[in-house]
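Asker: Okay, here's the structure, questions in a sec.
Protein chains in written order, with the numbering used here: chain A, 532 to 610; chain B, 3 to 138.
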């Protein structure tokens with residue numbers, strides 16, 4: 532399996548739009564990030580947690596597809 | 003709004019019992035209505051809470067804890083729902099701890115249209131008064 536890079540967008544917890552924030556500011560645990568679309572404040576830690584969960588699901592789906600492909604290739608060789 | 007109160011209620015129950023989201027669930031009934039009324043000092047009915055639960059389910063802030071559960075029974079927080087509840091709580095705490103000048107400044111910013119309108123009215127009235135005063 533090749534190394535892959537995944538871009539997982541951080542989405543607003545309220546309106547599910549991709550969060551657009553000031554890229555120069557460094558955010559840390561306990562900060563609130565304001566969504567430009569809906570104006571709601573999002574907790575930094577919760578955003579990270581939800582984004583990690585989403586990222587894990589995306590990676591798992593990809594790994595499943597790769598494993599299925601590999602199994603199909605193995606069975607093709609035996610035929 | 004009622005849906006945020008519902009999410010905060012679940013979050014409070016999780017934190018008070020030291021349980022994770024998977025271990026805590028609620029059913030929408032009169033006891034939850036009474037809890038929310040007393041905690042948030044608001045008037046809401048069972049129908050309001052059911053509507054709020056529908057909203058939370060559609061936005062995937064809540065989910066049913068098992069397949070086959072009835073619409074308003076055994077509802078659990080999802081990670082997104084917990085994030086929404088925590089964000090609301092932190093925003094409320096941050097708003098409450100602002101100094102007085104900042105509160106006034108934020109109030110003026112939020113209602114800037116009203117202040118501009120009042121300024122225009124005062125300007126027009128002053129102009130009219132001056133005109134009528136000057137004409138013989």
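For each residue, glycine too, the CB sits at the ideal point set by N, CA and C.
If the cut is a Cβ gap below 9 Å, which residues of chain B does residue 567(A) touch?
Answerer: Your numbering for residue 567(A) matches position 36 in the first chain. Result: empty, since nearest Cβ-Cβ is about 15 Å, beyond 9 Å.
Asker: DSSP on residue 28(B), reduced to helix/strand/coil?
Answerer: Residue numbering aside, residue 28(B) sits at position 26 when the second chain is read from its first letter. Residue 28(B): strand per DSSP, three-state reduction.
Asker: Evaluate residue 574(A) with the Cβ neighbour count: other Cβ atoms within 10 Å of its Cβ, from every protein chain shown; 16 or more gives buried, anything less gives exposed.
Answerer: Here residue 574(A) refers to the residue found at position 43 of the first chain. Classification for residue 574(A): buried.
Asker: I need the DSSP call for residue 497(A), collapsed to helix, strand or coil.
Answerer: Given that chain A is displayed from residue 532 to residue 610, the structure contains no residue 497(A) and the question cannot be resolved.
Asker: Could you give the residue range of the alpha helix (DSSP H) that holds residue 52(B)?
Answerer: Counted from its first residue, the second chain places residue 52(B) at position 50. Looking at the DSSP string, the run of the alpha helix (DSSP H) that includes residue 52(B) is 48 to 60.
Asker: What separation, rounded to the nearest whole angstrom, lies between the Cα atoms of residue 604(A) and residue 598(A)?
Answerer: Indexing the first chain from 1 puts residue 604(A) at position 73. Indexing the first chain from 1 puts residue 598(A) at position 67. Each residue's Cα considered, the two are about 10 Å apart.
Asker: To which residues does DSSP link residue 66(B) through a beta bridge?
Answerer: On the second chain, position 64 is the one that residue 66(B) refers to. Answer is 77(B).
Asker: Between residue 581(A) and chain B, is there a C-beta pair that is closer than 7 Å?
Answerer: Taking the first chain and counting its residues from 1, one reaches residue 581(A) at position 50. Cβ-Cβ to chain B under 7 Å: yes for residue 581(A).
Asker: Along the chain, where does the alpha helix (DSSP H) that runs through residue 11(B) open and close?
Answerer: Position 9 of the second chain, counted from the first residue, corresponds to residue 11(B). 4 to 19 is the extent of the alpha helix (DSSP H) around residue 11(B).
Asker: Relative to the alpha-carbon of residue 72(B), which residue among 86(B), 87(B), 62(B), 55(B) has its alpha-carbon at the smallest distance?
Answerer: Translated into the one-based positions of the second chain, residue 72(B) becomes position 70. Considering only alpha carbons, the answer is 55(B).
Asker: If you check the beta carbons only, do residue 30(B) and residue 74(B) fall under 7 Å apart?
Answerer: Against the second chain, residue 30(B) aligns to sequence position 28. Against the second chain, residue 74(B) aligns to sequence position 72. Yes.
Asker: When you compare the CB of residue 562(A) with every CB in chain B, is at least one pair closer than 7 Å?
Answerer: In the first chain, the residue the question calls residue 562(A) occupies position 31. So, not an interface residue.
Asker: What's the C-alpha gap between residue 6(B) and residue 63(B)?
Answerer: Here residue 6(B) refers to the residue found at position 4 when the second chain is read from its first residue. Here residue 63(B) refers to the residue found at position 61 when the second chain is read from its first residue. The alpha-carbon atoms of residue 6(B) and residue 63(B) are separated by roughly 10 Å.
Asker: Taking the alpha-carbon of residue 49(B) as reference, which of 36(B), 43(B), 97(B), 42(B) has the nearest alpha-carbon?
Answerer: Residue 49(B) sits at position 47 when you count from the first residue of the second chain. That would be 36(B), whose Cα lies nearest to the Cα of residue 49(B).
Asker: May I have a chain-ordered list of the beta strand (DSSP E) segments no shorter than 3 residues that lie completely inside the region 542 to 584 of chain A?
Answerer: 563 to 565, 572 to 574, all fully within the region 542 to 584 of chain A.
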